[in-house]
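*Asks:* Protein chains in written order, with my numbering: chain A, 1 to 158; chain B, 159 to 910.
Heads up, the beta-carbon is just placed ideally off N, CA and C, and yes, glycines get one too.
Everything numeric in this text was worked out from a predicted model, so none of it was measured.
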Amino acid sequence: MIKFTLNGKEQELDVDPQMPLLWVLRDVLQQTGTKFGCGRGLCGACTVLMDKQAIRSCITPISALTGKSITTIEGLSIDGNHPLQQAWQEFNVPQCGYCQPGQIMNAAGLLHQTPNPSREQIRTHMAGNICRCGTYARIENAIAKVAEANKLGEKQAK
Amino acid sequence: MSTEPTSTDKPNEDAPTPKGSWLNRRTFMKLGLGAVGTGVVIGVAYQNRYGIAMRVMDYMANKDFDPSAFIVIPSKGKIQLICHRSEMGQGVRTALPMILAEELEVKLEDIDIIQADGDPKYGSQNTDGSTSVQNFYTRLREAAAGTKELFILAASGTWKVAKDKCYAENGHIVHKDTKKKLSYNELALAASKLTIPSNPTLKDEKDFKIIGKPQTGVDVSAFTTGTANYGADIHVPDMVYACALRAPMPTATIQAIDSKKAEAIKGVLRVIKIDPIPASTNVNASVCVIATNTWAAIQGKQALNVKWDYAKAKSRPSSKEYKQQLKQSIDSPVSVYRNDGNALTAQASAARTHQAEYHTPFLVHAPMEPMACLAHVQHNKCEIWAPTQDPQRAIKAVADYLHIKTTQVTLHVTFLGGGFGRKSQPDFILEAVAASKQVRKPVRLQWTREDEIQHGFYHAESFHRMTAGFDADNKLVSWRHEQAHPSMLTVMMPNTDAPTVFEVGMGASDIPYRIPNIRVEVGKATSPTRVGWYRSVANLWNAFAVNSFINELATLQKEDPIAFRLKHIGAPRTQKGIVAKFGQETGRLIDVIKHTKDKFGWDKPTPKGRGKGFASHFSFNSYVACAMEVSCENNIVTVHRVTMTIDCGLAVNPDSVKAQMEGAVVFGLSAALHGKITLKDGIVEQSNFHDYPLLRMPETPIIDIHIINGKPEQPSGVGEPGVPPIPPALTAAIFDATGKRIRQLPIMDQLT
């Protein structure tokens with residue numbers, strides 16, 4: 001039995017402990033927002049958060065998740081209005097959309113680590129996500145916008 | 159307007175038709191009755207007794223085309239606008255409804271957009287060739303304008319006022335004098351009893367509220383919340399999951415299967431064989447693992463031990479030898495596709511000649527979504543969910559395979575996580591159908607990334623030899639382009655053994671330069687592997703060879719590459735099209751060239767250590783010019799900035815056009831820098847993103863896109879035209895920065 005939290009809900013699953021989290025999410029729990037792109041941790045489409053850190057779910061066996069808290073694109077916000085999701089809307093980021101849940105979750109992981117990353121930090125962190133449609137410039141601008149808001153928020157909090 | 163066909167031309171399914179002419183006596187808008195929510199859905203009924211005869215086509219796919227199918231106006235509930243093209247990121251689900259909404263006078267946020275299933279009433283739904291807006295701009299405007307006029311008629315009847323005292327605004331018909339209004343919903347029943355006007359008046363472009371204005375994609379919310387459904391996201395009761403181990407080459411067959419280890423894996427239900435399906439569907443023989451989840455199916459596939467038989471393989475080619483074959487074949491040309499003057503004589507008597515050879519490799523599409531299809535074969539029917547670019551071709555292939563009628567096949571088109579031409583092929587759909595037929599359950603057959611890279615329909619490898627001749631006055635007097643590549647026609651006709659007139663017409667035989675002697679010829683080439691069509695198709699290698707050679711000639715002549723191009727394009731003219739419907743209007747090409755030059759700041763000095771390069775190309779009836787600035791240090795190319803201008807006639811959604819151009823830059827740079835598929839003994843050597851790298855965010859330049867609406871009544875291609883100029887602009891910029899001439903792609907191979 002593997003116990004972990006998914007988007008705030010307790011899960012208790014009897015599955016092959018070697019099954020990657022990606023397939024647990026998609027096939028066992030029917031949460032299909034997280035996508036399969038390469039199966040080797042090379043493309044980032046499968047990115048989710050584990051205890052607020054970005055991980056590649058296609059190469060993370062479920063056994064590694066005991067006691068952990070997983071957030072997927074479905075759990076990023078209740079109403080689709082996370083600042084990243086809003087920024088994605090403002091910059092009209094997605095084209096085919098397939099890589100975008102992974103992009104957004106990887107960006108969320110970055111912002112947990114570094115609420116106000118530089119453009120250089122954004123590019124380095126987001127290098128793990130491939131977008132075949134080529135939306136990189138808009139992704140970078142969207143993350144930079146949220147980073148800027150975070151910076152302002154920090155200033156205001158001080 | 160005449161009711162008889164006025165043209166003796168053979169009708170072209172894809173040609174946009176003059177206003178009103180696709181409404182014909184045989185087209186009926188039937189009353190579509192059904193229950194939706196609390197109300198009754200009534201499709202707008204229309205009968206055109208007078209028949210403006212459509213030029214009768216021999217395109218059988220369009221005989222049941224039903225214009226009413228695009229707009230559903232119920233008496234209660236939201237108006238539905240139907241999108242009949244596949245959404246793969248090019249923004250059709252936003253652009254096509256924008257066109258309908260404009261003429262119908264409704265707001266996009268007030269309507270529902272429905273994705274069309276594969277259905278003959280939509281005509282051909284084939285999504286490729288950058289044709290969706292091009293082919294349907296006028297037809298959709300007419301459908302919506304006709305619907306609006308029908309509702310004005312209904313309102314005028316209801317109020318007993320003259321119809322010219324009524325107008326449409328924001329989903330209502332309004333009476334000018336009294337300002338009373340009725341919604342489309344309220345008028346639906348009355349409208350369904352009337353006859354749609356056959357020759358609707360289209361809005362004046364200056365009154366456009368939606369077309370031509372940037373529009374956020376209608377599906378952004380779904381994409382950013384993970385709720386958009388792609389091929390692998392549909393669940394049906396009782397379904398099983400599959401993954402296939404395919405024969406390493408299309409001609410290899412199964413000799414022996416050892417599936418003991420696979421069957422022992424938890425979750426694996428059984429292991430089946432799928433026979434090859436030849437010709438235009440090209441399905442390899444495969445051994446397919448059926449399981450209770452995708453992971454078990456993939457594990458099962460990896461545990462299979464299959465012996466392949468290569469007895470049927472006529473050859474087991476490798477890339478080194480194949481490249482030599484292509485090079486040798488152009489020494490014995492088999493067809494001449496352009497022959498102005500006499501290039502051979504002019505070349506022989508030229509004061510000076512210059513020759514260069516260019517080579518581009520096989521490429522694989524690598525959409526982020528590897529193929530996946532859910533198929534459920536039942537007695538005398540089949541239901542499919544698939545990310546397909548061509549529903550009609552898939553339905554026909556499935557019907558033929560199952561020996562049932564096409565009307566017994568239901569195909570739901572999901573979102574596509576990228577297509578680029580790969581998902582035009584119905585192979586992945588047929589495999590799922592074949593598996594479902596055997597196991598008698600709904601089967602979702604998932605392709606791994608390795609499957610997608612190794613069992614592609616590749617962008618063809620090409621070889622070019624270019625020769626130019628200058629006379630004693632240093633004038634460019636002869637141009638000879640010899641080329642060979644396997645043809646994409648082999649998908650439909652496997653015995654095609656040379657480049658076709660239409661492939662060569664994409665950038666080689668339709669060059670816009672005024673050179674007195676031009677010869678474009680091809681050598682034989684059969685295909686060593688499967689080839690298909692890939693974003694921008696033959697334009698990609700032709701633009702590379704032509705632009706690279708023009709850039710080399712400019713350098714030889716010590717002329718600026720832009721000035722050299724403009725000099726040889728000469729005064730604006732319309733050059734008859736070979737592939738492109740409308741012919742190349744060189745004045746529009748000149749405009750994008752000059753615009754890019756200006757916006758890039760071409761005449762400003764290049765920063766130290768950097769180089770700049772230029773390319774221009776006409777494809778899919780659109781005009782593109784591109785300039786870029788790069789630096790090259792320790793064999794690492796950094797692309798700093800790219801300026802690109804497109805004239806696509808009219809940008810229906812300018813932000814989507816901008817996005818497509820931005821994406822084309824990234825796509826083109828990936829191909830130019832990294833893309834390479836090679837064969838060893840007939841088998842593809844690459845398998846995943848570690849050996850088929852794609853451009854990532856840190857490598858992406860600053861991209862500056864400009865749009866010229868050079869012919870607003872005639873929108874032209876957007877999805878593909880941005881790609882071809884990128885590789886030659888890049889190699890030119892690298893030459894400018896380093897003095898190194900690169901004539902073979904990918905660039906990274908030439909630098910390391």
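Taking C-beta to C-beta, are B:Leu340 and B:Ala313 nearer than 7 Å?
*Replies:* yes
*Asks:* Please list, in chain order, all residues of the same chain as B:Thr409 whose beta carbon is under 6 Å from its beta carbon, the five residues on each side excluded.
*Replies:* Lys470 and Ala471
*Asks:* So who's on the other strand from B:Leu340, going by DSSP bridges?
*Replies:* B:Ile331
*Asks:* Assign B:Pro372 to buried or exposed, taking buried as 16 or more other Cβ atoms, counted over all protein chains shown, within 10 Å of its Cβ.
*Replies:* Around the C-beta of B:Pro372, fewer than 16 other C-beta atoms lie within 10 Å, and the residue is accordingly described as exposed.
*Asks:* Would B:Tyr850 pass as a contact of B:Ile611 if the rule is Cβ separation under 7 Å?
*Replies:* yes
*Asks:* Beta-carbon within less than 8 Å of B:Lys571's beta-carbon, same chain only, minus the 5 sequence neighbours each way: which residues are those?
*Replies:* The amino acid at residue 571 of chain B is misidentified as Lys; the sequence shows Val. Hits under 8 Å: Ser244, Gln273, Ala274, Asp275, Gly276, Gln283, Ala544, Pro545, Thr546 and Pro549.
*Asks:* Below 8 Å, can you find three or more Cβ-Cβ pairs linking the stretch 770-789 of chain B to the stretch 867-883 of chain B?
*Replies:* yes
*Asks:* Could one say the Cβ of B:Asp813 lies closer than 7 Å to chain A's Cβ atoms, at least one of them?
*Replies:* yes
*Asks:* Answer with yes or no whether the minimum CB distance from A:Met105 to chain B is below 7 Å.
*Replies:* no
*Asks:* Contact criterion: CB-CB distance below 7 Å. Does A:Glu12 meet it with respect to chain B?
*Replies:* A:Glu12 has a beta carbon lying at 7 Å or more from every beta carbon in chain B.
*Asks:* Taking the alpha-carbon positions, what's the B:Lys424 to A:Ser118 distance?
*Replies:* 47 Å
*Asks:* Does the beta-carbon of B:Ile200 have 16 or more other beta-carbons within 10 angstroms, so that it is buried, or is it exposed?
*Replies:* The predicted position of B:Ile200 is uncertain, since its pLDDT is 27 and thus under 50; a value taken from the coordinates is nonetheless stated next. B:Ile200 should be labelled buried.
*Asks:* For the alpha helix (DSSP H) that contains B:Ile804, what are its first and last residues?
*Replies:* Not the alpha helix (DSSP H): B:Ile804 falls in the beta strand (DSSP E), residues Ile794 to Asp805.
*Asks:* Just the chain A side, please: which residues come within less than 8 Å of B:Ile861 by C-beta, in chain order?
*Replies:* Residues of chain A with a Cβ closer than 8 Å to the Cβ of B:Ile861 are, in chain order, Ala137.
*Asks:* Taking only beta-carbon positions, decide if B:Thr803 is within less than 7 Å of chain A.
*Replies:* By the rule that beta-carbons nearer than 7 Å mark a contact, B:Thr803 does not touch chain A.
*Asks:* Mind the definition here: the stretch 483-499 of chain B touches the stretch 452-467 of chain B only if three or more C-beta pairs lie below 8 Å; say whether that holds.
*Replies:* no
*Asks:* Please list the segments of the beta strand (DSSP E) lying wholly inside the stretch 672-723 of chain B, counting only runs of 3 or more residues, in order along the chain.
*Replies:* 675-681
*Asks:* What does the Cβ neighbour count give for B:Thr910, buried or exposed, with the cut at 16 atoms within 10 Å?
*Replies:* Around the beta carbon of B:Thr910, a 10 Å sphere encloses fewer than 16 other beta carbons of the protein chains shown; the residue is thus reported as exposed.
*Asks:* Give the secondary structure of B:Val591 by DSSP, where H, G and I count as helix, E and B as strand, and everything else as coil.
*Replies:* In the structure shown, B:Val591 sits in a helix (DSSP, three-state: H, G or I).
*Asks:* Kindly list the residues whose CB is nearer than 7 Å to the CB of B:Lys168, restricted to its own chain and excluding five residues on each side of it in sequence; keep chain order.
*Replies:* Note that B:Lys168 scores a pLDDT of 34, beneath 50, so its modelled location is shaky; the value from the coordinates is reported in the next line. Here the set comprises nothing.
*Asks:* Could you tell me the distance, in whole angstroms, from the CA atom of B:Ala932 to the CA atom of B:Ala666?
*Replies:* The question about residue 932 of chain B has no answer, for chain B in this structure spans 159 to 910.
*Asks:* Report the start-end ranges of each beta strand (DSSP E) in the stretch 429-468 of chain B that is 3 residues or longer and not cut off at the edges.
*Replies:* 444-449 and 463-467
*Asks:* According to DSSP, which residues form a beta bridge with B:His639?
*Replies:* B:Met624 and B:Val678
*Asks:* Spatial neighbours of B:Lys770 within its chain, please: CB distance less than 6 Å, with the 5 preceding and 5 following residues excluded, ordered by chain position.
*Replies:* Thr764, Glu787, Ala891 and Asp894
*Asks:* Return the first residue and the last residue of the alpha helix (DSSP H) that A:Trp88 is part of.
*Replies:* Pro83 to Glu90
*Asks:* From A:Gln31, A:Val146, A:Thr47 and A:Leu25, pick the residue whose C-alpha is nearest to that of A:Glu90; which is it?
*Replies:* A:Val146
*Asks:* Interface residues of chain A around B:Arg404 at Cβ under 8 Å?
*Replies:* Going along chain A, no residue has its Cβ under 8 Å from B:Arg404, so there is no contact; the nearest lies around 16 Å.
*Asks:* Exposed or buried, B:Leu181, counting other C-beta atoms within 10 Å across all chains shown (16 or more means buried)?
*Replies:* Confidence at B:Leu181 is low in this model, with a pLDDT of 35, below 50, so the placement of that residue is unreliable and no value is reported for it.
*Asks:* At a CB distance below 7 Å, what residues from the stretch 78-98 of chain A approach chain B? Give them in sequence order.
*Replies:* Gly80, Gln85, Trp88, Gln89, Asn92, Pro94, Gln95, Cys96, Gly97 and Tyr98
*Asks:* Taking the straight line between their C-alpha atoms, what separation do you get for B:Gln583 and B:Phe660?
*Replies:* In this model, B:Gln583 and B:Phe660 are separated by some 20 Å (Cα to Cα).
*Asks:* Quick check on B:Gly604: buried or exposed, where buried means 16 or more other Cβ atoms within 10 Å of its Cβ?
*Replies:* The question names Gly, but residue 604 of chain B is Gln in the sequence shown. By the 10 Å Cβ count, B:Gln604 comes out buried.
*Asks:* So what's A:Gly102 in DSSP terms, helix, strand or just coil?
*Replies:* helix
*Asks:* Residues of chain A with CB under 9 Å from B:Ala390, in chain order?
*Replies:* Arg26, Thr32, Lys35 and Phe36
*Asks:* Look at the Cβ atom of B:Asn705, then the Cβ atom of B:Ala785, and state whether they are nearer than 7 Å.
*Replies:* no
*Asks:* What is the C-beta distance between B:Ala593 and B:Ala400, in whole angstroms, given that I count them as a contact (C-beta under 8 Å)?
*Replies:* The C-beta distance from B:Ala593 to B:Ala400 rounds to 5 Å, short enough to fall under 8 Å.
*Asks:* Have a look at B:Ala253 and B:Leu360 and give me their C-alpha separation to the nearest angstrom.
*Replies:* 17 Å
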